[in-house]
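Below is one structure, written out as structure tokens, with a few remarks after it.
In the working numbering, the protein residues as written are 7 to 129.
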């Protein structure tokens, strides 16, 4: 039997490997993603899969773990995410709170904040 932290680490590693099948194996069919505190972003495994495949297309580097806090069935991660969007490359802070139920993850809440860029030097 895996611990909640081992489950979260497994999905984190699958995320960085861009392995959608491995990533989804850590989530229940009725799992949900929320933008903290309560805006539903994805309801159920098919919507989570679609959202993550879109995310894989934007991500140009690995997700960098800053810290992980184990609170039993709840795990909190602070990460840096590098994405390429319509405004060019962007590095963001993301905090994720994962609720693990049994052998899989049930719910995730995310909050994102851009990392401040240094001012451009004038020529």
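Cβ atoms here follow ideal geometry from the backbone N, Cα and C, with glycine treated the same way.
| Item | Value |
| --- | --- |
| Short Cβ contact (8 Å threshold) for residue 5 with residue 107 | Nothing can be reported for residue 5: it is not among the residues displayed for the chain, which extend from 7 to 129. |
| When 41, 119, 40, 105 are compared against residue 88, the one with the closest alpha-carbon | 119 |
| C-alpha gap between residue 7 and residue 109, whole angstroms | 7 Å |
| Whole runs of the beta strand (DSSP E) within the region 73-127, excluding any shorter than 3 residues | 80-91, 94-107, 110-120 |
| Beta-carbon contacts of residue 59 that lie in its chain and below 7 Å, excluding the five residues immediately before and after | 26 |
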